[in-house]
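The structure appears right after this line, and notes come after that.
Residue numbers (the working numbering): 29 to 191.
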């Protein structure tokens with residue numbers, strides 16, 4: 029038969045800091061190191077934000093000065109430019125990556141102003157979407173202004189070579 033002795037097993041002492049198998053550097057789990065940001069950098073950032081805000085306000089004033097038809101034309105041109113940038117990226121040509129964001133933001137601002145005007149006219153969301161779909165279907169595909177300019181430059185260069 030099995031006999032049980034009166035042996036007591038003491039639990040292992042719990043450590044506040046867990047031990048690592050690497051004994052070179054002690055691991056601290058209590059508080060991460062504070063991150064210090066220099067005051068000079070903060071000041072320059074806030075100045076930058078103010079300048080960017082002013083530029084946006086100027087751009088919005090400019091957009092609000094346009095008619096709805098002009099806004100539609102500008103959106104079509106900007107979307108064409110965005111497409112050209114994507115082609116340049118896929119062909120691994122040189123391009124400014126910041127242009128993607130700038131163009132998308134400008135398109136969004138224009139569409140926002142367009143929607144504000146629709147709200148002023150009392151056009152609800154459902155009708156706005158319907159009008160937007162009709163407008164998108166009516167768009168005639170045409171080359172963006174940058175491509176037209178590039179083609180004109182190439183034609184002028186050819187004319188100079190042949191002359």
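A virtual CB, placed ideally from N, CA and C, is assigned to each residue, including glycine.
Bear in mind the structure is a predicted one, so any value in this text is a computation, not a measurement.
Rounded to whole angstroms, what's the CA-CA distance from residue i to residue j? Just pull it up for me.
i	j	result
residue 137	residue 186	39 Å
residue 78	residue 131	21 Å
residue 8	residue 119	The requested residue 8 is not part of the displayed model; the chain covers only 29 to 191.
residue 145	residue 81	22 Å
residue 114	residue 125	10 Å
residue 191	residue 175	24 Å
residue 123	residue 112	10 Å
residue 160	residue 188	45 Å
residue 128	residue 134	10 Å
residue 158	residue 149	15 Å
residue 165	residue 184	35 Å
residue 69	residue 83	The pLDDT assigned to residue 69 is 46, lower than 50, so where the model puts this residue is not dependable; a value taken from the coordinates is nonetheless given after this. Taking the straight line joining both Cα atoms gives about 21 Å.
residue 86	residue 180	31 Å
residue 182	residue 97	31 Å
residue 101	residue 177	17 Å
residue 121	residue 143	36 Å
residue 95	residue 117	33 Å
Roughly how far, in whole angstroms, is the beta-carbon of residue i from the beta-carbon of residue j, given that I think they are within contact range, below 8 Å?
i	j	result
residue 141	residue 167	With a Cβ gap of about 19 Å, residue 141 and residue 167 do not count as contacting.
residue 103	residue 139	7 Å
#### Entry: Sufficient close CB pairs (3 or more, under 8 Å) joining the region 158-178 to the region 92-109
yes
### Task
Check whether the region 152-161 touches the region 90-97, counting contact only when three or more Cβ pairs, one atom from each stretch, lie closer than 8 Å.
no
### Task
Can you check the region 93-175 for any alpha helix (DSSP H) of at least 4 residues that lies completely inside it and give the ranges in chain order?
96-118, 126-149, 153-166
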